[in-house]
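Engineer: Sending over a structure as structure tokens; questions will come in a sec.
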Amino acid sequence: MKIAYYPGCVAQASGKELDMATRWVCRNLGIELVEFPNFSCCGSGFVDEANEVLNIAINARNLAIAERAGLDVLTICSTCQGMLTLAKVRMKDPVVRARVDGALRPLGIEYKGTADVKHLLRVLTEDIGLATVKSKVRRPLSGMKVGAFYGCHLLRPADEMQSESAEEPHAFEDLLSTVGATPVDYRGRVMCCGFPIQFVKPSTASGIAGRQILDAKAHGADAMATPCPLCHLSLDAYQNKAAKEVHASLDMPIFHLPQVVGLAMGASPEELGLSRHLVPTDAAIAKVHPSAPA
Amino acid sequence: MAAETISAPFDIYRFRPGIDTKPRYQRYTLDLTPHTPVLTALLKIRAEVDPSLSLRYSCRSAICGSCAMQINSKSRLACETHIGPEVERHGRIVVEPMRNQPVVRDLVVNQSPFWREYDKIEPHLKLDPRHPMPEGKATAMTPAQVDRFKETPRCIACAACYSACPAVEADPGFPGPMALAKLYRFVVDPRDSATQERLTRIQPNGLWLCLRCHLCTEACPKDVRPSERIRDLKEMAVSVQGATELGSRHAVGFKENLKGAGQLNEMKLVRQTMGLTGMIGQIPQGIKVWRKKPEIMKRPRPIEGLDEVEKIYEALDTSSKEPE
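Chains as they are written, first to last, in our numbering: chain A, 4 to 297; chain B, 14 to 337.
Rendered as structure tokens:
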């Protein structure tokens, strides 16, 4: 399949390993990523707080770029997924639509609302299908217990995200099982990572991240995996701060979603950028049964 | 014809503070039809099996808001949660008291923290004494003005949102979704004279601690959508007060940042939010991250078509949205 690749800011900068893993997995599955150097940042939820209509217009412009090429959009970040989808939903309001169209039309940009916005999780589970993913698995991750961590904006608000059930999602767990890992059920999987207030009140933000990691750990997780690079920053890059806030040692490896899939499909740790994590992932990978059938 | 019953295992939180050393979960298994509400099952347990089970309820019709509790980790009303789907998804029904409020006994919590935050926002009209309403017209509003309340008047104060909120859990100083949704209702009320004061007073350690995780909107049994009204309050707060708080500085800083290259400049955003002095405190963590992810220092390359983004800003980022 062919899709417009919307990597988002973080995967092009500090979260480069997410971009690397996405490209590896998509190449392996025959997903052609079409790149658009004119995509802008989605506003990450912050621009939405400062000026809602501006945020919608910026994302309507992004969507129009994919529409012109006749492609759906692939996101690899829960927040990008949320912001682009929210723009589509808000553009159904005639008052909003008129203001945004008024800003876009003089630039020769026409927003139609025809492009679908799909996170990699959905592309893998629905478009490619779990059977095809399974057929590419070379090194099943059996023995590794993984707590899926969805990221708020992939799920909520459920009626607007048109996501699967926000309270009881299972697509990520289904994917983890498909690549041989054992998904861990814990309350924190649908909770918040704390990232949005990391600059407003770091102690509270890290306390929230720490609680989710502790929860996953209490339920036996060897690692956590997330479809959102902002969650990854909060859970991995700031994990030392989270540990301090919850007064516990955490040592929880945090994977990006395509890294888990890539590992199972036989990618090397280098190809997936695993050395770029703050918390080493070796202990989790060591849990994989070496005798697991190829 | 009677509906078929299913065997429903309940694990119910039991705790008597001051008597029990720690909480325990008690298992009761009942044969019930799948459409039985959890509340009905709890009352049956209390009537037929264990009269010592404590819970709070009243109307049994999702109107009074008394029976909010955690059912399989989700904060919801027991009277409108049916057992069938819960047993199907989880194999059992774990019933616990709401979070973020101290347990009085079993499923009953002390709601004082929730009501304290509600009182703090002064949930009553502050009419402008210089503009008294004409006799008998004190409540007159146009339908369009009433529409601005959006869904907020539907709130039944059940506290499910307060129980579900991770910001409340980690920071008891946060007012919580219900109080903020109620604040919104008074801020947009055309008869209220304290709009600016309300928006100013809520900002430190209040408004900007909302994570916009939307867990409140998901938990709300009346679709009040608190997270969306909190977003509205943030935009109104920026328009009346500018970027004076860390939270508003971050939101406005991000908006300005995006205009620069069309892509986020991570380092610049830290400076925009925290200022140069605030950045100093970030240096030790920054170095740790930079060692593994040197790109945090890199300036992004401007996107193609940046002029389009600039023009969109020119068109839509001029008029600040004043609360009416």
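No residue lacks a Cβ here, since even glycine has one placed at the ideal position from N, Cα and C.
For a quick check, are the C-beta atoms of A/E52 and B/R29 less than 8 Å apart?
Structural biologist: no
Engineer: Is it a yes or a no for the stretch 77-91 of chain B touching the stretch 43-58 of chain B, going by three-plus beta-carbon pairs under 8 Å?
Structural biologist: When C-beta atoms of the stretch 77-91 of chain B are compared with those of the stretch 43-58 of chain B, three or more pairs fall below 8 Å, so the two segments count as touching.
Engineer: If B/P188 and B/I106 are in contact, beta carbons under 8 Å, what's the gap, nearest whole angstrom?
Structural biologist: With 8 Å as the limit, B/P188 and B/I106 do not qualify as a contact, their Cβ atoms being about 31 Å apart.
Engineer: Any idea what DSSP makes of A/K184, helix, strand or coil?
Structural biologist: A small fix is needed here, since residue 184 of chain A is Ala in this sequence, not Lys. Here A/A184 sits in coil by DSSP.
Engineer: Decide if the stretch 177-184 of chain B is in contact with the stretch 204-212 of chain A; the criterion is three or more beta carbon pairs, one per stretch, under 8 Å apart.
Structural biologist: yes
Engineer: Can you tell me which of the three DSSP states A/D239 falls into?
Structural biologist: helix
Engineer: Please list, in chain order, all residues of the same chain as B/T230 whose beta carbon is under 7 Å from its beta carbon, the five residues on each side excluded.
Structural biologist: Excluding positions up to five away in sequence, the list reads R238, P239, S240, E241.
Engineer: Which one of A/Y153, A/C29, A/N65 has the shortest CA to CA distance from A/N41?
Structural biologist: A/N65
Engineer: Can you confirm whether A/D51, when its beta carbon is compared against all beta carbons of chain B, has any partner nearer than 8 Å?
Structural biologist: yes
Engineer: Going by C-alpha distance, which of B/E248, B/S20, B/Q295 is nearest B/Q216?
Structural biologist: B/E248
Engineer: When you compare the CB of A/G105 with every CB in chain B, is at least one pair closer than 8 Å?
Structural biologist: yes
Engineer: Along chain A, in chain order, which residues have C-beta atoms closer than 9 Å to that of B/G255?
Structural biologist: Within 9 Å Cβ-Cβ: nothing; B/G255 doesn't reach chain A, min ~11 Å.
Engineer: Please identify, using Cβ separations under 8 Å, the residues of the stretch 44-57 of chain B that lie next to chain A, in order along the chain.
Structural biologist: none
Engineer: Using only alpha-carbon positions, find the residue among A/F202, A/M4, A/R125, A/E113 that is nearest to A/D177.
Structural biologist: A/R125
Engineer: Could you pull the start and end residues of the alpha helix (DSSP H) that B/L120 belongs to?
Structural biologist: Unbroken run through B/L120: none, as it is neither H nor E.
Engineer: Is there contact here, the stretch 4-16 of chain A with the stretch 227-246 of chain A, by at least three beta-carbon pairs under 8 Å?
Structural biologist: yes
Engineer: Can you tell which of A/I68, A/C83, A/I61 has its C-alpha closest to the C-alpha of A/V2?
Structural biologist: The displayed coordinates of chain A run from 4 to 297. Any statement about residue 2 of chain A would go beyond what the structure contains.
Engineer: Does the pairing of the stretch 73-82 of chain B with the stretch 268-279 of chain A give three or more beta-carbon distances under 8 Å?
Structural biologist: no
Engineer: If the cut is a Cβ gap below 8 Å, which residues of chain B does A/L57 touch?
Structural biologist: Here the neighbours are K268, I325, Y326, L329, D330.
Engineer: Within a Cβ cutoff of 7 Å, which residues of the same chain sit near B/S333, ignoring the five residues on either side of it in sequence?
Structural biologist: For B/S333, the predicted structure reports a pLDDT of 45, less than 50, and the residue's modelled location is therefore unreliable. A value from the coordinates is still provided. Excluding residues within five positions, the ones whose Cβ falls inside 7 Å are S252.
Engineer: With 8 Å set as the bound, which would you pick, yes or no: does the beta-carbon of A/A297 sit closer than that to a beta-carbon of chain B?
Structural biologist: Its pLDDT being 48, under 50, A/A297 is placed unreliably in this model, and the coordinates cannot settle the point.
Engineer: Going by alpha carbons, who is nearest to A/S138 out of A/V50, A/N31, A/A151?
Structural biologist: A/N31
Engineer: Quickly, what does DSSP pair A/G150 with across the bridge? List them, please.
Structural biologist: A/M227
Engineer: Please tell me whether A/R141 and A/G269 are closer than 8 Å, where the distance is taken between their beta carbons.
Structural biologist: yes
Engineer: Once you ignore the five residues that flank A/H292 on each side, which residues in its own chain have a CB closer than 7 Å to its CB?
Structural biologist: S145, G146
Engineer: For the stretch 281-295 of chain B and the stretch 217-230 of chain A, state whether three or more C-beta atom pairs, one from each stretch, are separated by less than 8 Å.
Structural biologist: no
Engineer: Pick out the complete alpha helix (DSSP H) segments inside the stretch 16-78 of chain A, 4 residues or longer, and give them in chain order.
Structural biologist: Fully enclosed alpha helix (DSSP H) runs of no fewer than 4 residues occupy 19-32, 49-53, 55-71 of the stretch 16-78 of chain A, in order along the chain.
Engineer: What beta strand (DSSP E) runs, 3 residues minimum, are completely inside the stretch 57-140 of chain B?
Structural biologist: Annotation note: the stretch 57-140 of chain B contains the following uninterrupted beta strand (DSSP E) runs of length 3 or greater, listed N- to C-terminal: 81-84, 87-90, 106-109, 116-118.
Engineer: Can you tell me whether B/S20 is helix, strand or coil according to DSSP?
Structural biologist: strand
Engineer: Would you tell me roughly how many angstroms separate the C-alpha atoms of B/Q158 and B/V100, rounded to the nearest one?
Structural biologist: 44 Å
Engineer: Does B/E109 pass the burial test, meaning 16 or more other C-beta atoms within 10 Å, or should it be called exposed?
Structural biologist: Around the beta carbon of B/E109, 16 or more other beta carbons sit within 10 angstroms, so the residue counts as buried.
Engineer: Compare the beta carbon distance of B/L271 and B/P313 with 8 Å and say whether it is the shorter of the two.
Structural biologist: no
Engineer: Excluding the five sequence neighbours on either side, which residues of its own chain have a C-beta within less than 6 Å of the C-beta of A/Q262, listed in chain order?
Structural biologist: A24, L275
Engineer: Between the Cα of A/V149 and the Cα atoms of A/A286, A/L133, A/L21, which residue gives the shortest distance?
Structural biologist: A/A286
Engineer: According to the neighbour-count rule (16 or more other Cβ atoms, all chains shown, within 10 Å of its Cβ), is B/E337 buried or exposed?
Structural biologist: With a pLDDT of 32 at B/E337, under the threshold of 50, the predicted position of this residue should be treated as unreliable, though the coordinate-derived value follows. Exposed: under 16 other Cβ atoms inside 10 Å.
Engineer: Beta carbons nearer than 9 Å to chain B: which residues of the stretch 262-290 of chain A have them?
Structural biologist: S278, R279, H280, L281
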